[in-house]
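Residue numbers (my numbering): 542 to 1028. Glycine included, every Cβ here is placed at the ideal spot set by N, Cα and C. Just so it is clear, the structure is predicted and the values come from calculations on it, not from any experiment. Report on the following structure.
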Ligand code: NAP
C-alpha cells in the first residue's frame, strides 16, 4: 500500500510519502549492521538513560503525538492521550528495569557453575499495525533495543507520520544513528529485509494471513519470529457478576477505538440466568455512543482507521445477517462521510454462520447465551484464535479456576483487557501474546526482551565461580581454590 496520511474522519488525503528504493533499503541494512556493532556493546545503563530521556521528550511532545495519532488513525483524542501515556510508561519501565533484565543468571549443575548471559543477536525487523500507531511501534522497539539489538521499523502504510515522529523522538533522546530506523518499504522489500543474512529475527503484530506469510518467509531463512496476531476474545459473564460494572466494562472494552483492538471482548458469553438483563443493559449502554469528529470532546466513538477497514467490517455485518444472525444498530446515526460503521450488536450467531469463526475488527459485539459454565468454556475455546479473554464474577477464586480453562495467552478477571486497567494501558511488565492462530512468542516484560536474546551459556571450570555485577558488562570471576582471586 502507498504510504499516506488520510484523515479517516473525512477521507481527505493530507500527505503522501514515497517508498524507499531498493538501494535505499540496502543502505538501511548497512546502517543497522554498523550500528549493531556499537549498540550491542553499549553498557545497558547507557541504553537505559536514553530511554529515560526519550520518556521526558515524549512528555514534552505529548500533544503533538496525540494529534498525529488521532489524525492518522481516527481514534478519539482522549484515547490518543491514553496511548501516548502508555509509551511513556513503557520507556520508563525499560529504563528502570533494563539493568535487572539483562543481568546474567547463574545456573548450578551438580555443583558446577554455568554462567548464562542474555546477549543481543543483531538486526530485528518490526512490522507493526495501525491500531495503536505509537504503542505498537514502541512495543516492537523497546524490549529489543534495551537488549542491544537494532530495529528496522516497517509500520502500517496509513500511519507514516506517527512512525517518523517516534523514531525522531528516540534520535533526539540520544539514540545512535541506525539503532532504530523507520522505512517506507513495500511488501516485497519487507521480504528482502527478512532474508538478509544480517537480520536475526522478525516481530510482527498484524493479521493471521500476514503472519503466515512473514513466518514462511522467515522460516525459509531460519529467522526467528514473534507473531502477535488477531483474536476473538471471550467475555464470560457468570450469574453472580456485578452486572452494572460488567456491562460498563463490556461496552467500554468493545467500543474502545471503534472496536479495533486485538484483545477487545469480541464475544460476550453470558449465562442463561442473566442473559436477558445483560443484553438489555448492554444495548442501553451502547446506545449512548455519539459518533463524530474524534477531535471533538463530545464525541464518544470515532471513525475506523480507513475506508477500507470500514468497508470490510460492513461486509462482515452483512455476511453475519445473511448467515442468520440478528443485528441491532445502536447509538446515534454515524456521519455519511468518513470511515464510519454504525455500532452493531449481533445475536443468534450459530456455528454454521460464516462469521462465527471470524474476527470482526470494528464496533460490533456478538452476544451468546449459554446454559452453564462448561458450555461457556467450550464456546470460549471454540475458535481458531487464542489471544485473551475475561471472566466476570464476584467469586474471584472461582473466576480464576475458569480462567485456567480458557485456551489463550492472557485472561482478565472483572476487566475488559488483561493489559489495561482504570483507563491505562499498563501492560509494560506483562508478557503479552497468545496461542493458536493468535501467534506465538511474547512482547513486553522480561520474557519479551528475552525473545530475541541469545541466552549464551559459558560453563566455568570446576572450582571457579562468577559473582555478578549489575549487568552483562560486569561479571567478576573468582576461584575458590586460589582464595577468591579476581582475574
Ligand atoms: P495487517 O494487514 O496484517 O498489517 C500489519 C502490518 O503488516 C502492516 O504494517 C502491513 O503493512 C504489513 N503487511 C501487510 N502485508 C504484508 C506483507 N505481505 N509483507 C510484509 N508486510 C505486510 O494487519 P492490520 O489490518 O493492519 O491489523 C489488524 C490485525 O492486527 C487484526 O487481526 C488485529 O487483531 C491484529 N493485532 C494484533 C495485536 C496483538 O498484539 N496480538 C495487536 C494489534 C493488532 P501495510 O500497511 O503496508 O499493508
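From residue i to residue j, what distance separates their C-alpha atoms?
i            : j           : result
residue 965  : residue 619 : 11 Å
residue 881  : residue 640 : 45 Å
residue 689  : residue 546 : 32 Å
residue 789  : residue 664 : 43 Å
residue 770  : residue 678 : 15 Å
residue 946  : residue 918 : 7 Å
residue 1030 : residue 968 : For the chain, the structure presents residues 542 to 1028; residue 1030 sits outside this window and is missing.
residue 784  : residue 778 : 9 Å
residue 933  : residue 587 : 44 Å
residue 551  : residue 687 : 39 Å
residue 922  : residue 794 : 20 Å
residue 544  : residue 564 : 18 Å
residue 983  : residue 575 : 27 Å
residue 669  : residue 841 : 26 Å
residue 904  : residue 991 : 35 Å
residue 976  : residue 582 : 34 Å
residue 570  : residue 702 : 22 Å
residue 680  : residue 753 : 21 Å
residue 940  : residue 973 : 21 Å
residue 781  : residue 787 : 11 Å
residue 897  : residue 772 : 13 Å
residue 859  : residue 868 : 9 Å
residue 751  : residue 863 : 27 Å
residue 981  : residue 768 : 5 Å
residue 598  : residue 951 : 32 Å
residue 883  : residue 656 : 58 Å
residue 1025 : residue 659 : Bear in mind that a pLDDT of 39 at residue 1025, under 50, signals an unreliable position, so the model cannot answer this.
residue 673  : residue 944 : 27 Å
residue 926  : residue 809 : 15 Å
residue 577  : residue 719 : 8 Å
residue 998  : residue 696 : 35 Å
residue 839  : residue 831 : 8 Å
residue 646  : residue 995 : 13 Å
residue 589  : residue 801 : 32 Å
According to DSSP, which residues form a beta bridge with residue i?
i           : result
residue 890 : None; residue 890 has no bridge partner.
residue 922 : Paired residues: none, contrary to the question.
residue 569 : Partner(s): none; residue 569 has no beta bridge.
residue 767 : 744
residue 660 : 995
residue 655 : 648 and 1000
residue 546 : 556
residue 774 : 806
residue 796 : Answer by DSSP bridge pairing: none, since residue 796 is not bridged.
residue 910 : 811
residue 788 : Bridge partners of residue 788: none, in fact.
residue 679 : Paired residues: none, contrary to the question.
residue 667 : 694 and 744
residue 905 : 885
Grab the span of the alpha helix (DSSP H) containing residue i for me, first residue to last.
i           : result
residue 592 : 585-601
residue 629 : 618-642
residue 781 : Run containing residue 781: none; DSSP gives neither H nor E here.
Name the two residues that bound the continuous beta strand (DSSP E) containing residue i.
i           : result
residue 806 : 806-812
Completely contained alpha helix (DSSP H) runs for the region 684-755, where each covers 4 or more residues: As far as the region 684-755 is concerned, its whole alpha helix (DSSP H) runs of at least 4 residues are 701-713 and 728-736.
Those runs of the alpha helix (DSSP H) which lie wholly inside the region 823-901 and span at least 4 residues: Runs of the alpha helix (DSSP H) inside the region 823-901: 848-863.
Any alpha helix (DSSP H) of 4 or more consecutive residues that is wholly inside the region 912-984: 914-922 and 937-945
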